[in-house]
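Down below is the structure, laid out as structure tokens.
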Amino acid sequence: MRLSAYLNGIGVLGPNLASWPDTVAVLTGRRAYVPTPTVLPASTLLPPAERRRIGRVVKLALAVAAEATTHADTAPAQLASVFSSSGGDGHNCHELCEALALPNREVSPTRFSNSVHNAAAGYWSIATGAKRESNVLCAFDASFAAGLLEAMTQVVVDGESVLLVAYDTEYPEPIRSKRPVPDAFGVALVLSPSQQPNSLVRLDAMLCHTLPDTLANPALEALRLAIPAARSLPFLLQVASRESGAAVIDYLDVARLALDVAPCV
Amino acid sequence: MKPVQLTSFTATSCIGLGLGSTLESLLAQSSGLEPCTFETVDITTHIGEVRGVDAVRVPHELSRFECRNNRLAELALRQDGFLESVQAARARWGAGRVGVFMGTSTAGILQTELAYRQRDPANGALPEAFEYASTHNSFSVADYLRRRLNLEGPAAVVSCACASSAKVFGSARRMLEAGVIDAALVGGVDSLCLTTLYGFHSLQLSSPSPCRPFDVSRNGISIGEAAAFALLERPSADADGDAILLLGVGESSDAYHMSAPHPKGEGASHAMQAALTAAGLTPADIDYINLHGTATPSNDRAESHAVTSVFGRATPASSTKGATGHTLGAAGALEAVICALALREGLMPGGLPSTQVDPTLTAHYLRENRRAPVARVLSNSFGFGGTNCSLIFGRAG
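As you go down the protein sequences, you meet chains P and V in turn. Quick note: the first sequence uses my numbering, first residue 251, plus one each step. Quick note: the second sequence uses my numbering, first residue 88, plus one each step.
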């Protein structure tokens with residue numbers, strides 16, 4: 251079983267990683283990497299009323315999705331989408347749990363609407379008019395690979411071009427002590443079944459049992475281990491290298507995802 | 088799409104543990120909704136609570152997964168020989184060739200809600216015993232089932248609000264068609280918690296009385312809980328006429344509003360049309376529609392509009408949420424199993440309670456049970472965020 255797709259656009263945002271070109275500079279050693287807190291841009295995609303309602307997790311997802319679709323020069327409305335996150339909006343969840351622990355249990359209707367795991371996918375479709383199918387996954391630490399596998403089957407079986415968005419943000423205390431994701435990291439990929447003029451690489455995926463690749467740079471390796479969406483970094487490194495090669499990324503305890511990457515130009 | 092077979096299925100909700108009692112309730116048109124006495128909840132509403140969930144214990148070696156949601160999953164797993172069917176599939180295909188795709192909206196978040204009442208007064212910390220990954224996290228229910236059943240194939244939770252466990256059928260059938268797996272455990276598990284009870288109340292979307300889908304006086308949902316599972320495999324060559332097949336999956340997004348449906352049900356029509364296209368069927372091929380039918384004024388109006396735009400006014404349709412309540416992330420799978428029963432038994436379940444259908448809703452709403460051969464059915468599931476999924480099931484012969 252091999253699943254094949256073409257990668258046409260990438261978006262990245264994370265600790266001291268401002269964009270995909272910036273991430274390429276770091277991964278290829280052209281810029282030194284010192285982690286600093288992730289800076290999330292205000293979304294310009296949503297109307298002001300909606301913009302006020304969104305939290306960090308939605309800002310992050312919209313930012314990387316917008317970068318990837320722009321990079322791929324593809325209208326978002328044409329794409330099916332897969333959103334995958336290990337935990338959703340931790341701050342919103344904390345506020346709801348705090349409210350429910352108080353005697354009067356007054357829950358904010360907006361917080362409740364935003365508590366759905368598919369909030370980012372919903373706001374993305376409202377922002378861009380994307381009416382195609384959109385799936386939203388959670389697989390805890392395996393969320394990036396689970397999302398990629400889901401997106402690849404849509405490409406291969408349904409012949410769809412798919413936007414994959416994997417994104418995680420931190421919980422505040424007291425959940426943070428139980429789930430210590432330290433900061434925000436998101437990655438978005440635009441995948442298509444056939445090669446496009448601007449395709450970056452051809453990607454072949456298969457399940458395997460070898461250990462996931464690690465990163466030589468200790469700060470980047472720490473990032474890979476700390477934030478589930480950053481489990482994508484060995485793959486992003488292979489793409490950034492502009493050379494043919496393979497990357498093994500983390501998935502489940504019993505299976506990993508092996509990705510063969512071949513540049514298109 | 089290539090059809091896949093539901094080689095085994097089961098459901099546990101407030102109308103029954105397993106298929107036998109679920110069918111009995113449907114035949115008797117009895118509802119499982121009762122006034123809410125769940126936990127310390129102090130709002131006036133009705134709920135579909137599964138009795139005896141907290142008496143269930145998960146196996147000792149998986150005790151870190153103890154929470155109402157996983158107990159409900161465990162309870163459902165023990166009905167109808169379903170656990171044994173999954174074990175047989177594992178033996179047939181190998182552990183790595185069986186995937187697990189589960190829908191849930193809130194998983195075991197009740198654990199966190201309770202833990203927030205027990206924070207350390209000095210530093211605010213949650214109790215030592217609180218387990219995040221195996222209870223609160225959405226993936227916990229899929230992770231519980233894969234460990235419980237020793238399955239090693241791809242696994243994920245789909246969490247698209249109230250469409251979650253309809254959409255797992257789409258994920259699983261793609262994995263089957265791509266050859267990544269040979270069998271999939273799919274389903275949905277969602278259990279009562281304060282977030283949804285108080286959340287829907289805050290939006291004024293829950294009814295103080297038992298919900299009345301498509302009724303002229305409908306005024307909101309009744310929240311329920313359920314666990315429903317199906318084992319999906321490629322159709323076997325010797326499948327008899329009673330075999331139940333998944334024939335079509337259609338998905339769409341409203342791109343309209345986070346918590347309100349498109350008024351004309353535009354996204355819902357797209358999902359139904361896409362399911363028909365995937366199945367290679369026309370509207371006239373569908374004998375019965377299991378509606379999303381939540382009983383909020385706007386949802387039912389939008390869905391009725393959408394159904395009429397695709398099917399006209401003749402196709403019999405009903406919502407079974409008047410019996411089960413709205414089981415949120417488990418609704419898609421629960422209603423898929425009800426559809427499988429409809430096909431197997433030749434039963435179109437009438438919607439409860441049988442009062443007065445809203446005359447402004449143009450879909451052909453069934454109030455009484457109808458016994459007749461049923462060859463193909465469509466089931467709708469829609470969720471917050473404007474996510475829509477329609478499934479088509481049919482008999483093999």
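Don't be surprised by glycine CBs; every beta carbon is placed ideally from N, CA and C.
Among residues of its own chain, excluding the 5 on either side of residue i, which ones have a beta-carbon nearer than 6 Å to its beta-carbon?
i	result
PHE96 (chain V)	ALA317, VAL424 and ALA427
SER254 (chain P)	ASP454
PRO353 (chain P)	none
LYS89 (chain V)	GLU264
LEU170 (chain V)	LEU164
LEU281 (chain V)	GLU200
ASP341 (chain V)	HIS349, GLY354 and GLY473
THR273 (chain P)	VAL262 and LEU267
MET237 (chain P)	Any property of residue 237 (chain P) remains undetermined from this structure, which presents chain P solely from 251 to 515.
Considering Cα atoms alone, identify which of the options is closest to residue i.
i	options	result
GLU161 (chain V)	V:ALA313, V:ALA326, V:GLY135 and V:ILE130	V:ALA313
ILE479 (chain V)	V:ALA393, V:ALA253 and V:PRO322	V:ALA253
VAL332 (chain P)	P:ARG302, P:ALA349, P:VAL386 and P:GLY372	P:VAL386
GLY266 (chain V)	V:GLU239, V:ARG321, V:TYR219 and V:GLY275	V:ARG321
ALA248 (chain V)	V:ALA330, V:GLY286, V:ILE331 and V:GLN198	V:GLY286
PRO241 (chain V)	P:CYS388, P:GLY409, P:SER411 and P:VAL412	P:CYS388
LEU441 (chain P)	P:PRO297, P:SER269 and P:ALA318	P:ALA318
ILE373 (chain V)	V:ASN306, V:GLY190, V:SER477 and V:ARG177	V:SER477
ASN377 (chain V)	V:PRO214, V:HIS451 and V:GLU215	V:HIS451
THR288 (chain P)	P:PHE394, P:LYS381 and P:LYS309	P:LYS309
VAL228 (chain V)	V:ARG400, V:ARG454, V:ASN157 and V:GLN166	V:ASN157
ALA358 (chain V)	V:PHE469, V:LEU149 and V:SER406	V:PHE469
GLU218 (chain V)	V:ALA371, V:LEU272 and V:LEU149	V:LEU149
VAL91 (chain V)	V:LEU465, V:MET189, V:ASN306 and V:LEU333	V:LEU333
LEU279 (chain V)	V:ALA212, V:ALA194 and V:TYR203	V:ALA194
TYR343 (chain V)	P:LEU461, P:ARG506, P:ARG474 and P:ARG382	P:ARG382
Using a Cβ cut-off of 9 Å (strictly closer), state whether residue i contacts chain V.
i	result
ALA351 (chain P)	yes
VAL366 (chain P)	yes
PRO297 (chain P)	no
LEU453 (chain P)	no
PRO359 (chain P)	yes
ALA392 (chain P)	yes
ALA369 (chain P)	yes
SER442 (chain P)	no
LEU312 (chain P)	no
LEU257 (chain P)	no
I'd like to know if residue i contacts chain P, where contact means its C-beta is closer than 9 Å to some C-beta of that chain.
i	result
CYS247 (chain V)	yes
GLU264 (chain V)	yes
ASN467 (chain V)	no
ASN518 (chain V)	A query on residue 518 (chain V) cannot be resolved here, the shown segment of chain V reaching from 88 to 484 and no further.
GLY335 (chain V)	no
SER289 (chain V)	yes
THR282 (chain V)	yes
ARG261 (chain V)	yes
HIS413 (chain V)	no
HIS344 (chain V)	yes
TYR285 (chain V)	yes
ASP277 (chain V)	no
Excluding the 5 residues preceding and the 5 following residue i in the sequence, name in chain order all residues of the same chain whose CB lies nearer than 7 Å to its CB.
i	result
LEU439 (chain V)	GLN116, SER118, GLY409 and ALA410
GLN79 (chain V)	A question about residue 79 (chain V) goes unanswered here, because the residues of chain V that appear run from 88 up to 484.
Please work out which residues of its chain come closer than 8 Å, Cβ to Cβ, to residue i, disregarding the five sequence neighbours upstream and downstream, and give them in chain order.
i	result
LEU284 (chain V)	CYS123, PHE125, VAL128, ILE130, THR132, ILE134, SER293 and ILE310
VAL431 (chain P)	SER336, GLY337, GLY340, ASP418, THR419, GLU420, TYR421, ALA476, ILE477 and PRO478
VAL406 (chain P)	LEU253, SER254, ALA255 and PRO443
ALA268 (chain P)	VAL289
State yes or no: is the beta carbon of residue i nearer than 9 Å to at least one beta carbon in chain B?
i	result
TYR373 (chain P)	The displayed structure is made up of protein chains P and V, and chain B is not among them.
Anything in chain P within Cβ reach of residue i, meaning under 9 Å, just list it in chain order.
i	result
GLU338 (chain V)	ALA330, ARG382, GLU383, SER384 and ASN385
ARG235 (chain V)	Residues of chain P passing the Cβ test: none, with the nearest at roughly 14 Å.
What residues of chain V sit near residue i, judged by a beta carbon separation below 7 Å?
i	result
VAL504 (chain P)	GLU239
LYS428 (chain P)	LEU213, PHE217 and TYR219
Which chain V residues sit within Cβ distance under 8 Å of residue i?
i	result
PRO389 (chain P)	Residue 389 (chain P) is actually Ala in this sequence, not Pro. By Cβ distance, chain V contributes PHE226, ALA229, ALA242, ALA243 and VAL244.
ARG492 (chain P)	Going along chain V, no residue has its Cβ under 8 Å from ARG492 (chain P), so there is no contact; the nearest lies around 29 Å.
Identify the contact partners of residue i in chain P, using a Cβ-Cβ distance below 8 Å as the criterion.
i	result
HIS357 (chain V)	LYS381
GLY473 (chain V)	GLY372, SER375 and ILE376
LYS254 (chain V)	ASN385
SER100 (chain V)	Those do not exist, as SER100 (chain V) stays about 21 Å from chain P at its closest Cβ, beyond 8 Å.
When you check each C-beta in the segment 195-222 of chain V against every C-beta of chain P, which residues fall closer than 7 Å?
Those residues of the segment 195-222 of chain V that come within reach of chain P (Cβ to Cβ, closer than 7 Å) are THR199, GLU200, TYR203, ARG204, ARG206, GLY211, ALA212, LEU213, PHE217, TYR219 and ALA220.
Looking at chain V, which residues of the segment 397-409 of chain P have a Cβ within less than 9 Å of any of its Cβ atoms?
Those would be GLY397, LEU399, GLU400, MET402, THR403, GLN404, VAL406, VAL407 and ASP408, in chain order.
Interface positions of the segment 409-425 of chain P facing chain V (Cβ-Cβ less than 9 Å), listed along the chain:
From the segment 409-425 of chain P, only TYR421, GLU423, PRO424 and ILE425 have a Cβ closer than 9 Å to chain V.
With 7 Å as the C-beta to C-beta threshold (strictly closer), list the residues of the segment 321-347 of chain P near chain V in chain order.
Within the segment 321-347 of chain P, the qualifying residues are GLY337, LEU346 and CYS347.
Positions along the segment 273-307 of chain P whose CB lies within less than 7 Å of some CB in chain V
Those would be none; no residue qualifies.
Just by C-beta distance, which residues in the segment 475-489 of chain P are closer than 8 Å to chain V?
Answer set for the segment 475-489 of chain P: empty.
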